[in-house]
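Undergrad: Let me give you the structure first, and then I'll get to my questions.
In the UniProt record's numbering, the protein residues as written are 1 to 222.
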């Protein structure tokens, strides 16, 4: 099933979004076994995203094929130390103290960490991230941290059925990305879109999507 799901997705995901940018698939591997993750990689997945530090550490040496390693979940500052030098892209830099800790730990290790600044595009109380109107100031402050490289933005759309509202928010997110890209030419990634909404997000300008259920099926929590 996993192999066929990956094959189907890779044929369905457009090579580029409407802005001509390559669309990158990140497999969200929360709760998945190393064997299933390796099956997805063998089927063509080139980047995997972890949500939990402990899971990442437990599985790190068991992952084959040398995929890009992304961290896509909420990250506690006291766990940053376990990830430095092992993560290619941090998607969920959602507050200033996390950015400062990432920079401090990266500098101490002699590395520069690539990050995405998380924007709470739906202004949801249950989600982290900077408010849309804070995006410019947040990027300006984080850009002063010498051991971080802001590579773009990340967002999660609300879990609602109103397609018109979802499209409005996704388009707003792209507008924020475009505005900031004028200041930060190193921007490459707008990470927006999960298994339930990735098609809409790509249509609105996302160039990185985080898919779990579409690859592995429904999660089973112990």
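Think of the CB as a built atom: it goes at the ideal place given N, C-alpha and C, for glycine as much as any other residue.
For residue 130, list the residues DSSP reports as bridge partners.
TA: Bridge partners of residue 130: 119.
Undergrad: Okay, do the stretch 106-114 and the stretch 50-62 touch, 3+ Cβ pairs below 8 Å being the bar?
TA: The stretch 106-114 is not in contact with the stretch 50-62.
Undergrad: What three-state label does DSSP hand residue 71 in the structure shown?
TA: It is a strand residue.
Undergrad: Given residue 27, which residues of its chain have a CB within under 6 Å of its CB, disregarding the five upstream and five downstream residues?
TA: Correct list, in chain order: 40, 45, 48, 215.
Undergrad: What do you get for residue 101, buried or exposed, if any count of 16 or more other CB atoms within 10 angstroms of its CB means buried?
TA: It is buried - the Cβ of residue 101 has at least 16 other Cβ atoms within 10 Å.
Undergrad: Exposed or buried, what is residue 218 when buried is set at 16 or more other beta-carbons lying within 10 Å of its beta-carbon?
TA: It counts as exposed.
Undergrad: Is it true that the CB of residue 173 sits closer than 7 Å to the CB of residue 147?
TA: For residue 147 and residue 173, no; Cβs fall outside 7 Å.
Undergrad: DSSP on residue 215, reduced to helix/strand/coil?
TA: Helix.
Undergrad: For the alpha helix (DSSP H) containing residue 31, list its first residue and its last residue.
TA: First-last for residue 31: undefined, no H or E at that position.
Undergrad: So, at 6 Å on beta carbons, what are the nonlocal neighbours of residue 187 in its own chain, with the 5 sequence-adjacent residues on each side left out?
TA: Correct list, in chain order: 152, 181.
Undergrad: Could you spell out where the alpha helix (DSSP H) holding residue 202 opens and where it closes?
TA: That run of the alpha helix (DSSP H) goes 198-203.
Undergrad: Return helix, strand or coil for residue 22, following the three-state DSSP convention.
TA: The answer is strand: DSSP assigns residue 22 an E or B state.
Undergrad: When you compare only the Cα positions, how much space is there between residue 82 and residue 74?
TA: Cα to Cα, the separation comes out at about 14 Å.
Undergrad: Could you have a look at residue 87 and say whether DSSP puts it in helix, strand or coil?
TA: In the structure shown, residue 87 sits in coil (DSSP, three-state: anything other than H, G, I, E or B).
Undergrad: Compute the distance between the beta-carbons of residue 71 and residue 87, then report whether it is under 7 Å.
TA: In contact: residue 71 and residue 87 (Cβ atoms closer than 7 Å).
Undergrad: Do residue 145 and residue 157 count as a contact pair if the criterion is CB distance below 7 Å?
TA: Their beta carbons are not under 7 Å apart, which means residue 157 does not touch residue 145 by this criterion.
Undergrad: In whole angstroms, give me the CA-to-CA distance for residue 210 and residue 23.
TA: Roughly 11 Å separates the two Cα atoms.
Undergrad: What span of residues does the alpha helix (DSSP H) with residue 172 cover, start to end?
TA: Segment 163-181, the alpha helix (DSSP H) holding residue 172.
Undergrad: How many Å lie between residue 13 and residue 191 at the Cα?
TA: Spanning the two alpha carbons is a distance of roughly 14 Å.
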